[in-house]
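Once you know that position 66 of the sequence shown is 1047 in this note's numbering, the rest is easy, because the numbers rise by one and skip nothing.
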Amino acid sequence: MNGITYVDGVAKKITPPKFVILQCVSKPEIGGDNFLVDGQKIYNDLLANQADILKTLMTSGIVTYCRDDLLSMDCSVFEKINDNKLRIRYRYDSTAFIPEWASAAFNYIQNEYSTNENYIINVSLEPGDILVMDNLRVLHARHQFFDGSKKRKVRRLWIADDSQVIFKNILNQSPVRRAMLPFQNYNTSQQENAEHLRIEYTCGIHYQPTKSLSKAHDELDMIVE
Ligand SMILES: O=C(O)CCC(=O)C(=O)O
């Protein structure tokens, strides 16, 4: 999410991480594999075949993301950072809020690409494996899973990009606003022993596998949906 936060007494701009790194610690009994979709590939296809949709997806205001107490207003899905660099920003889950005029274009990505086997790269991490993703280019998510007698555990690391914008307060004060404080749920070290599970968490794109893995998995889908 976008935002401003105090780090070491200085107000800094925060943006979605440039890299997301996942390490598999342990696998569940069923499902839970990660999958990726290359944003550049989506862009190239839209450019060649659906220029109008691409134009809408490059318009600021097509989507606002709101998660807990974090808000990123009026984003575009694709953004040209410079002549050679493109950035995709897309989540298909309950954090995304779309104005009516953008709905068809936004849904187009979900329907044509992020649930399309021709665009999906499945990654099945084994314990110890590490997946490093360019988060400005690649959409990532995971399939639903069922822990069973095992337990899915994944470590995640976010790496920010180099654009360390530092803000100076116009009145030369340092007012601590609630929005600038770190969001509690991100402070995972405090939650190491917390009771609540995170298995309902989906991110990036949400994909239902066409073939069901087992009856138990089907039942889990029904509970989660
Ligand atoms: O549970 C997973 O493997 C996916 C996690 C994820 O996508 C994320 O933390 O950004």
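Idealized CB from N, CA, C, for every residue including glycine.
First and last residue of the uninterrupted beta strand (DSSP E) at residue i
| i | result |
| --- | --- |
| Lys1132 | Here Lys1132 belongs to no beta strand (DSSP E), and DSSP marks it neither H nor E. |
| Ala1086 | It is not in any beta strand (DSSP E) - Ala1086 instead sits in the alpha helix (DSSP H) that spans Ser1084 to Glu1093. |
| Lys999 | Run containing Lys999: none; DSSP gives neither H nor E here. |
| Val1104 | Ile1101 to Val1104 |
Assigned exposure category for residue i - 16 Cβ within 10 Å defines buried
| i | result |
| --- | --- |
| Met1054 | exposed |
| Ile1140 | exposed |
| Lys1132 | exposed |
| Ala1086 | buried |
| Lys1061 | exposed |
| Arg1123 | buried |
| Phe1078 | exposed |
| Val1157 | exposed |
| Val991 | exposed |
| Ala1160 | exposed |
| Ile1090 | buried |
| Arg1136 | exposed |
| Ile1043 | buried |
Close beta carbons around residue i, own chain, < 8 angstroms, minus the five adjacent residues each side
| i | result |
| --- | --- |
| Tyr1182 | Confidence at Tyr1182 is low in this model, with a pLDDT of 36, below 50, so its placement is unreliable and the value that follows should be read with caution. Excluding positions up to five away in sequence, the list is empty. |
| Ser1041 | Asp1055, Cys1056 and Ser1057 |
| Tyr1207 | In the structure as shown, the chain starts at 982 and stops at 1206, and residue 1207 therefore has no counterpart that could be examined. |
| Lys993 | Ile985, Thr986, Tyr987, Gln1145, Val1146, Ile1147 and Phe1148 |
| Pro1108 | Cys1005, Val1006, Ser1007 and Lys1008 |
DSSP beta-bridge partners of residue i
| i | result |
| --- | --- |
| Gly1012 | Phe1126 |
| Leu1120 | Val1018 |
| Glu1060 | Arg1068 |
| Tyr1046 | Ser1053 and Ala1077 |
| Leu1112 | Leu1003 |
| Val991 | Val988 |
| Ile1140 | Phe1000 |
| Ile1147 | Lys993 |
Near ligand 2: residue i beta-carbon under 7 angstroms from a heavy atom
| i | result |
| --- | --- |
| Val1006 | Because ligand 2 does not appear in the structure shown, any question about it cannot be addressed here, the ligands present being ligand 1. |
Same chain only: Cβ atoms within 6 angstroms of residue i, ignoring 5 sequence neighbours per side
| i | result |
| --- | --- |
| Gly984 | Ile995 |
| Asp1110 | Cys1005 |
| Ile1002 | Val1113 and Leu1138 |
| Pro998 | Asn1116, Trp1139, Ile1140 and Ala1141 |
| Gly1129 | Glu1010 |
Where the alpha helix (DSSP H) containing residue i begins and where it ends
| i | result |
| --- | --- |
| Thr986 | Unbroken run through Thr986 is the beta strand (DSSP E), Gly984 to Val988; no alpha helix (DSSP H). |
| Ile1034 | Ala1032 to Leu1038 |
Beta carbon proximity, residue i to chain D, threshold 8 angstroms
| i | result |
| --- | --- |
| Phe1126 | Reference to chain D is not applicable here, since this structure consists of a single protein chain. |
Beta-carbon contacts of residue i that lie in its chain and below 7 angstroms, excluding the five residues immediately before and after
| i | result |
| --- | --- |
| Asn1103 | Asp1014 and Phe1016 |
| Asp1026 | none |
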